[in-house]
Amino acid sequence: MAEQNRPNTNVTDFERADRINGLEEYQALLDYVEDIAMAVIQVGEHPASEAARQLVDIFFDELFNMMQIFIELFN
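Sequential numbering of the sequence shown, starting at 0, is according to numbering that gives the first Met the number 0.
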């Protein structure tokens, strides 16, 4: 019952969008992250190889960089 009396501290998508100057830019960032994630999944569907591992490393570096951008924008 005490949990019901606590204020909701979750940040909504609209609040996030407002912090980074609009929903279109926020959606573009989300779409970019989704595209990278889909590319990682597609690479994972092929047999393992050194080239595929290097490509996945590049994708994860890009995802990490995007995560850093989100952290900077929302702080």
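A virtual CB, placed ideally from N, CA and C, is assigned to each residue, including glycine.
| Query | Result |
| --- | --- |
| Per DSSP, what kind of secondary structure is E71 in: helix, strand or coil? | helix |
| Does the region 56-70 come close enough to the region 26-46 that 3 or more CB-CB pairs lie under 8 Å? | yes |
| Roughly how many angstroms separate the alpha carbons of F59 and E44, rounded to a whole number? | 16 Å |
| Just to confirm, is the Cβ distance from L54 to V32 under 8 Å? | no |
| Between the Cα of I77 and the Cα atoms of E49, I57 and F73, which residue gives the shortest distance? | For the chain, the structure presents residues 0 to 74; residue 77 sits outside this window and is missing. |
| Nearest-angstrom Cα distance between N64 and F73? | 14 Å |
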